[in-house]
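Novice: The C-terminal residue of the sequence shown carries number 243 in our numbering, and the numbering is unbroken.
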Amino acid sequence: MVEKYITVENGRIWTEKRGQGGVPIILISGGPGSSNYLEPVSSLIDDICEVIMFDPKGCGRSGYDGNGYDLETCLKDIERIREEYEFKKWMVIGHSWGADLGLAYSLLFPQSILGYVSISGTGVQNDRDWKDIYNRKKEEIGELKPDFEFEVNKMVHRSLINSWRAFIKKPLLLKDISQLQLPSLFIYAENDIRPSWSIRQVSSLISNSRYIEIKGAEHYIWLGRKDELGEVLRAFIKTLY
């Protein structure tokens with residue numbers, strides 16, 4: 003395990019590398035505004051991969067000077083991490099909103115991507131019905147959550163949510179997604195309180211894509227179905243050797 007701080011525009015990002023060889027991978031946590039919580043996912047694959055995890059600017063161990071925070075800046079930060087670790091290309095694995103961020107990264111930096119994995123993503127939507135179903139199930143059912151080490155940065159959360167909502171209104175966005183030429187895997191949880199239709203739509207747009215639903219799993223799939231998640235991820239990673 004190696005920790006490294008990387009200087010980026012308006013701040014400094016904490017990163018951690020695990021594993022010694024194999025496919026290079028970056029794990030992107032959700033939120034937005036959350037620090038890294040994907041160590042359990044790393045442990046499923048870091049014997050066959052070099053895994054990078056990070057805290058976004060202003061979150062957890064990463065510093066931020068408070069000047070400007072939008073989606074494009076966040077994506078450039080991720081690219082800066084790749085350059086610092088000297089990976090020519092890597093696989094992107096994101097969870098929840100981090101999966102959506104990984105999709106945007108794939109569009110902006112396609113030359114840097116070996117493959118893309120969405121775990122419990124939310125899709126390119128700002129749909130009232132989707133939110134109503136999610137909020138109702140959140141109140142009636144709830145969900146298992148990991149113990150987060152740091153609190154969510156609310157400023158980062160709001161800034162990136164606003165920027166994301168502007169991004170998904172781009173007229174050619176769905177066309178651009180449909181033209182992605184990269185191996186893609188969309189993993190969803192059968193019992194996620196978030197509707198799956200938005201992710202199924204995105205998966206259907208990409209020609210080299212597969213959608214898998216893990217039975218009995220919730221949004222944080224590894225909390226209850228760790229072995230199943232590991233099997234799916236490892237099988238996909240091995241196709242990139």
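For every residue, glycine included, the Cβ atom is placed at its ideal position computed from N, Cα and C. Everything numeric in this text was worked out from a predicted model, so none of it was measured.
Mind listing, in chain order, the continuous alpha helix (DSSP H) runs of no fewer than 4 residues lying wholly within the region 107 to 168?
Specialist: The region 107 to 168 contains these whole alpha helix (DSSP H) runs: 130 to 142.
Novice: When we look at the beta-carbon of A257 and count the other beta-carbons within 10 Å, is it buried (16 or more) or exposed?
Specialist: A query on residue 257 cannot be resolved here, the shown segment of the chain reaching from 3 to 243 and no further.
Novice: Determine the DSSP secondary structure at R20, reduced to helix, strand or coil.
Specialist: The residue given as residue 20 occupies position 18 in the sequence shown. In the structure shown, R20 sits in a strand (DSSP, three-state: E or B).
Novice: In whole angstroms, give me the CA-to-CA distance for Q203 and F238.
Specialist: Here residue 203 is taken as the residue at index 201 of the sequence shown, counted from 1. Here residue 238 is taken as the residue at index 236 of the sequence shown, counted from 1. So the two alpha carbons sit approximately 20 Å from each other.
Novice: May I have the straight-line CA-CA distance separating G119 from D49, to the nearest angstrom?
Specialist: Translated into positions along the sequence shown, residue 119 becomes position 117. Translated into positions along the sequence shown, residue 49 becomes position 47. The sequence shown places Val at residue 119, not Gly. In a straight line, the C-alpha of V119 is about 18 Å away from that of D49.
Novice: Given a cut-off of 8 Å on the beta-carbon distance, is the pair R82 and V158 in contact?
Specialist: One-based indexing of the sequence shown puts residue 82 at position 80. One-based indexing of the sequence shown puts residue 158 at position 156. No.
Novice: Do the region 51 to 71 and the region 178 to 195 make contact, defined as three or more Cβ pairs closer than 8 Å?
Specialist: At 8 Å Cβ cutoff, the stretches do not touch.
Novice: Where do the ends of the beta strand (DSSP E) carrying R212 lie?
Specialist: By 1-based counting over the sequence shown, the position of residue 212 is 210. Segment 211 to 216, the beta strand (DSSP E) holding R212.
Novice: Less than 8 Å between the beta carbons of I15 and K59, yes or no?
Specialist: Residue 15 sits at position 13 when you count from the first residue of the sequence shown. Residue 59 sits at position 57 when you count from the first residue of the sequence shown. Taking 8 Å as the Cβ cut-off, I15 and K59 qualify as a contacting pair.
Novice: Among the residues of its own chain, which have a CB less than 8 Å from the CB of I115, if the five just before and after it don't count?
Specialist: For the purposes of this step, residue 115 is taken as the residue at position 113 of the sequence shown. Answer for I115: K91, W92, M93, V94, Y107, S108, L184, listed in chain order.
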